[in-house]
Each structure stands twice: as C-alpha cells, then as structure tokens.
Amino acid sequence: MHHLIRIKNHLASLAVVFLWSMVAGLFLPIALGQSAEDYVLSKRTIDQVSQESMRNEKQVRWDPKKTAVIVCDVWDYHHSINAVGRLEEMLPTMDRLLDHARKSGSTVIHSPSDCMPYYVQHPARLRAVEAPKSRLPANIASWNCKIAREDSGVYPLDQSDGGEDDDPEEHKQWAEKLKSLGRNPSLPWKAQHPTLSIDPNCDFISDRGDEVWSILQLKQIQHVIMIGVHTNMCVLGRPFGLRQLVSNRIDVVLVRDLTDCMYNPKRWPYVDHFTGNDMMIRYIEQHVCPTITSDQILGGKPVVFAKDTRSHKDVIGAELDRIDQRQPEWILTTWTKLIDSNSAPPSRNPLVRCSLRIPLDAFTDKVTISHPRIKKAWLNGNRLKLAENSSSLSSFQIEASETFENDDANVLVLEIDATQASQNPQVSGDDSSVHRSLPVVMSRLGAVTLSGSLQVKAIGTQADTNLPLPAKFALPPAVYYTLPDG
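Numbered per our numbering, the sequence shown spans residues 2 to 487.
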C-alpha cells in the first residue's frame, strides 16, 4: 500500500514538473523579449571559400510587429506572356503570406511601380502619403544600380535584351490581346494584380523610396521580407528594393520561391530560364542579402514552377561549371586591358559601353566625355557632338536632352581606336602615356574616371549604340559609374 502511495506521489511530482516546463516554455520567449509567434526563419547565404561556393543557413527569430513585407511590382499585366504565367503560379502563395503577415502584426507595403494614379484615393495610398516624413538617407528616392558588396562578384546573366523568353508567336498574340484591352503592349501595367488583397485599414501603397523609408521608420521596422518580380531588375534596384535596404542597414531577406527573373536562354550564359533564376538567387545570396522560402512562414512546401522539370533544382557550384562555355556578345574588360597588346580585340575600332548616372544639377554647365582614343560617342542612342572649344583631346559634350532627364543611369557607348600606341602612327613619344590614360567624364560637380570594368564588343553595329530598355534594367553593376552629386 505504501509502495502504491509512493508511486502516486512520484507521478504527481512528474506531472507538476511537466506542467511547469510547459509554462516556462510558453513564457521564456517573452522573458527573452520574443513573441511566442515570432517568425522563425532560416536565412541562407553563400560564402566563397577558395574555389568552392558554400551555402550557410542561420536560424533567426523576427518579431512580426517589427517586420514589414514589401511587394515589388506584382503588376496586373506584363509585356512577357511567360513572365505572366510564372507570376500567376506564385500569386496564391503570395496572398496567403500577406494575410498571415497582417494577422501576425506585420506591416504590408504594396509597391507596384508606375501605378500610383490608380490608387490616388485608396486609403492605403493616402496612408502612405500622409506618413510623417523621416530623416531620409542620401539618394533614397533613386534607383540603386550597385552596392559595395557587388564589387567582388561576377553578374551571372546577360539581360540587355530585356530578358523576354516568350515564343515569338505567343508573344505576338499576347501583344494583340493587350492592345484589345486598351493597354500599351510595352508597358501594360496600371495596377497591382487583383489576386493580391490590399487591406484598406492597415496596408500601405507606395512606389517611392522616400515614402517607403518613412513608413519603415514610422512603424519602427527592423526587418523586411521582400517578395515580387523581377529579381534581377526591379527587386534589386528599385528605390525600395534590396540594394537600397541593404545600403541603409535594414535586415532584409528575399523569398526565393516568390520571385522570378527576366532572362532569355538565348543570351549568356545560355542556360534554361530556371537555371538562370537559380544563378540570380545564388548571386544575391553571395553579394546582396540572404534568402528564405515561403514555407518557413506558411508551412507546406515552397512554390515550384510547373514548367521547371529539371531533375536537379536550386543549383550551385559545380553544377554551374558545366554550363555552356560560349562567351557573351559583350565581354567584360577594362580600358587598360583593351589597349594592352595581349588582350586587344580583333577589331581596331571596337565598341565600349557602360552605364552612367549624371545628376541633373550637373547640366548647369558643360558635361563632357574625353579621351584621344574616342572616335565616336553615343548616350542612349543619341550621337554626341564634339565639345565646343575642346583641346586636342577628343572631347564630346553630353546634353541634358540626351539623358532621361531624371536621376537614372544612361547607356554610354564609345567607338574607340584600340590599336597599340606603338602601332599607331599618330601616337609617339610623350603622347603614348596620354593614349594609355583613362577616359574621364567631367562636370561642374566633379569628374568620374572610367577606371573599372567596361563591356566591349569587337564588331558592333548602329543597333549596338543603344539598348531596348534603360541601362538601369539592362547592364550589370560592374559597369556602373556615377558623377558626384552637388
């Protein structure tokens, strides 16, 4: 009998211990300043160790109330029918994530660029406009073409054709449908996709970097979850995009199964679209910010595109070494290598290009690009004229009307004399060092020397003097230059 009593007392003690451990487990996160409903995320990054790329995953807990979800450019229509199809596969999960985020206390910011007129009277738009303006970081309202972390990286895709991977006939039919809807087939978006709900009582709508920044400060946001398209263009570069957030020390992650890139497999590195997307994710994880997947928040499984039939997905490292070894049409080089005898292109007059940001304030005086080897120059396809009263150097003047007349990057294309100084009868003695110097863009605000990377095409045509889309979308960060601000 006493033996049974002792067993009952022991079981009762175990029950008390169990209940206490349950209570302690419930309240311990609160004692540590965490919510029982924190987002538990596995942030994935890539480190380069010797010749190997190694993935790292770090588990973190984020307070939902200090977290915002930004929805980048999930438009109602797009000019690429294949891009539309892939987006539609992600939409249901995107909307579930937004609903979960709201219920968890997170801030939701909808950022469909160029669509603010559609929402001019929407409560979520008015809420964004009326948010108190905080102290703004420099250039927060501008597109961001490059951050310092990218200096050591090799941009993985040639997207200079715009990245459409449509079948030509399907693309033609889609363009006709857009016309029948009264949309511009090249720029058909007017609003965010209607599948994504916008809560008029708590959400925000803005495509402006200064407004989004002020919202983050108003809501005391420490963490951002980015979803949307397209990874290699708007998601990276918008004023509210990954580069701006990273530059301003916001802890941001990209949801890698709720994004898609603009990449045409007929362009370098000549891989299928989904491998190209993987390569872009890999680049971001290594040089920009970590990524997560939607199932870490919602449960279930990450989104997988229906047409992605590869047996091996989410590729990295050795798998990418087996891709097509053909070179891109435009080769990455430097001015010095271009003039060097061992690496000069097979053409005497190759085309060289880069992207160049010119602050509008610079045009209160002359803006010029100068070097004795420059034979012709174009900005956004506009042939530049020789500068008035120029010295013996070849100096070309850039007019404000030849830019986009905003704070965006322009494509600068130069036709140059790439012959060696020793082979050029016009160059001898002391002139040789001048010809080996670097091109300089000058303005009253200061100068920028084209001392870094450039793209070169040995044999170019008139069509190569411009791009089918603005340079900020088309060219890699390695060839981005900017004149200093005033």
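Ideal placement from N, C-alpha and C gives every residue a C-beta, glycine not left out.
None of these values were measured; they are calculated from a predicted model.
So residue i packs on residue j, CB below 8 angstroms; how close in whole Å?
i, j, result
"residue 480", "residue 455", "6 angstroms"
"residue 370", "residue 378", "6 angstroms"
"residue 399", "residue 340", "That pair is no contact at about 23 angstroms."
"residue 280", "residue 158", "7 angstroms"
"residue 367", "residue 388", "7 angstroms"
"residue 135", "residue 218", "4 angstroms"
"residue 331", "residue 354", "7 angstroms"
"residue 482", "residue 449", "5 angstroms"
"residue 559", "residue 238", "This structure cannot settle anything about residue 559, because the visible part of the chain is limited to 2 through 487."
"residue 143", "residue 210", "7 angstroms"
"residue 261", "residue 190", "With a Cβ gap of about 15 angstroms, residue 261 and residue 190 do not count as contacting."
"residue 62", "residue 41", "6 angstroms"
"residue 254", "residue 226", "6 angstroms"
Can you say whether residue i is buried or exposed, counting buried as having 16 or more other CB atoms within 10 angstroms of its CB?
i, result
"residue 246", "buried"
"residue 193", "buried"
"residue 282", "buried"
"residue 188", "exposed"
"residue 161", "buried"
"residue 24", "Because the pLDDT at residue 24 is just 42, under 50, the model does not fix this residue reliably, and the point stays unresolved."
"residue 113", "buried"
"residue 107", "buried"
"residue 55", "exposed"
"residue 287", "buried"
"residue 485", "exposed"
"residue 439", "exposed"
"residue 403", "buried"
"residue 473", "buried"
"residue 74", "buried"
"residue 412", "buried"
"residue 132", "buried"
"residue 250", "exposed"
"residue 164", "buried"
"residue 231", "buried"
"residue 79", "buried"
Starting from residue i and walking both ways along the beta strand (DSSP E), at which residues does that stretch end?
i, result
"residue 111", "108-112"
"residue 296", "From DSSP, residue 296 is part of no beta strand (DSSP E) but of the alpha helix (DSSP H) over 296-299."
"residue 284", "Run containing residue 284: none in the beta strand (DSSP E); it sits in the alpha helix (DSSP H), 274-288."
"residue 480", "No beta strand (DSSP E) holds residue 480; DSSP gives it neither H nor E."
"residue 454", "454-458"
"residue 451", "Neither: residue 451 is in no beta strand (DSSP E) and is coded neither H nor E."
"residue 255", "252-256"
Does DSSP put residue i in a helix, a strand or coil?
i, result
"residue 57", "strand"
"residue 126", "helix"
"residue 164", "coil"
"residue 367", "coil"
"residue 28", "Reliability fails at residue 28, whose pLDDT of 42 lies under 50, so the model's placement of it is uncertain and no value is given."
"residue 444", "strand"
"residue 68", "strand"
"residue 218", "helix"
"residue 1", "A query on residue 1 cannot be resolved here, the shown segment of the chain reaching from 2 to 487 and no further."
"residue 228", "strand"
"residue 82", "helix"
"residue 463", "helix"
"residue 398", "strand"
"residue 341", "coil"
"residue 235", "helix"
"residue 76", "strand"
"residue 328", "coil"
"residue 428", "Low local confidence applies: a pLDDT of 48 at residue 428 is under 50, so the model's placement there is unreliable, and no value is given."
"residue 35", "Note that residue 35 has pLDDT 44, beneath the 50 cutoff, so the model's placement of it is unreliable and the number below is only indicative. Correct three-state label for residue 35: coil."
"residue 408", "coil"
"residue 188", "coil"
"residue 94", "helix"
"residue 158", "coil"
"residue 333", "strand"
Report the partner residues of residue i according to the DSSP bridge assignment.
i, result
"residue 41", "62"
"residue 355", "413"
"residue 101", "Looking at the DSSP assignment, residue 101 forms no beta bridge with any residue, so it has no partner."
"residue 380", "383 and 413"
"residue 203", "For residue 203, which the question treats as bridged, DSSP gives no partner whatsoever."
"residue 513", "No answer is possible for residue 513: it lies beyond the span of the chain, which begins at 2 and ends at 487."
"residue 48", "55"
From the beta carbon of residue i, is the nearest beta carbon of chain B less than 8 angstroms away?
i, result
"residue 208", "Any reference to chain B falls outside this structure, which holds one protein chain only."
Terminal residues of the continuous alpha helix (DSSP H) containing residue i?
i, result
"residue 245", "243-248"
"residue 179", "169-181"
"residue 473", "472-475"
Less than 7 angstroms between the CB of residue i and some heavy atom of the ligand HEM, yes or no?
i, result
"residue 287", "As far as ligands go, the structure on display features none, and thus does not contain the ligand HEM."
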